[in-house]
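**Q**
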Amino acid sequence: MITPPDVFKSLSDETRARASLLIASLGELCVCELMCALNDSQPKISRHLAQLRSSGMLLDRRQGQWVYYRLNPDLPSWVHEILQATLQANTQWLAENTLRLQNMDGRPVRDAACC
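In full-length UniProt numbering, the protein residues as written are 1 to 115.
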């Protein structure tokens, strides 16, 4: 069971907070999409995603060589409520990340090869 300290530690880093909110907003993102949206390297994004996964916030699925991340559906409702409230109150904070993702060349289509 995830605890409040687990959630807040997971979201205390800006990269993890942005990634979690983008995933909460869009449902599922692959590493390459997060690299584009966050304008960061694959090792850094993967390291932060691994931390979110180990805390229980995210689940992953493999599709070929690509890994897609989504919120853990078994998270308590209060976690989903926090993420949704944060999303609604901070659209400007994520605007640049969202725009980068929308303009991503070769953005993967689910159930197709990524990048």
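Ideal Cβ placement from N, Cα and C applies to all residues, glycine included.
How many angstroms separate the CA atom of Gly27 from the CA atom of Leu71?
**A** Taking the straight line from one Cα to the other gives about 7 Å.
**Q** Under the rule that 16 or more other beta-carbon atoms within 10 Å means buried, what is Val109, buried or exposed?
**A** Per the 10 Å Cβ criterion, exposed.
**Q** In terms of residues, what are the limits of the alpha helix (DSSP H) holding Leu94?
**A** Looking at the DSSP string, the run of the alpha helix (DSSP H) that includes Leu94 is 91-102.
**Q** Does the beta-carbon of Glu14 have 16 or more other beta-carbons within 10 angstroms, so that it is buried, or is it exposed?
**A** Exposed: under 16 other Cβ atoms inside 10 Å.
**Q** In this structure, does DSSP put Arg107 in helix, strand or coil?
**A** It is coil, neither helix nor strand.
**Q** Counting C-beta neighbours from all protein chains within 10 Å, is the total for Ala17 16 or more, i.e. buried, or is it exposed?
**A** By the 10 Å Cβ count, Ala17 comes out buried.
**Q** The beta strand (DSSP E) spanning Asp60 covers which residue range?
**A** Per DSSP, Asp60 belongs to the beta strand (DSSP E) from 58-63.
**Q** Which residues does DSSP list as the beta-bridge partners of residue 116?
**A** A query on residue 116 cannot be resolved here, the shown segment of the chain reaching from 1 to 115 and no further.
**Q** To the nearest angstrom, how far is the alpha carbon of Asn103 from that of Pro76?
**A** Taking the straight line from one Cα to the other gives about 33 Å.
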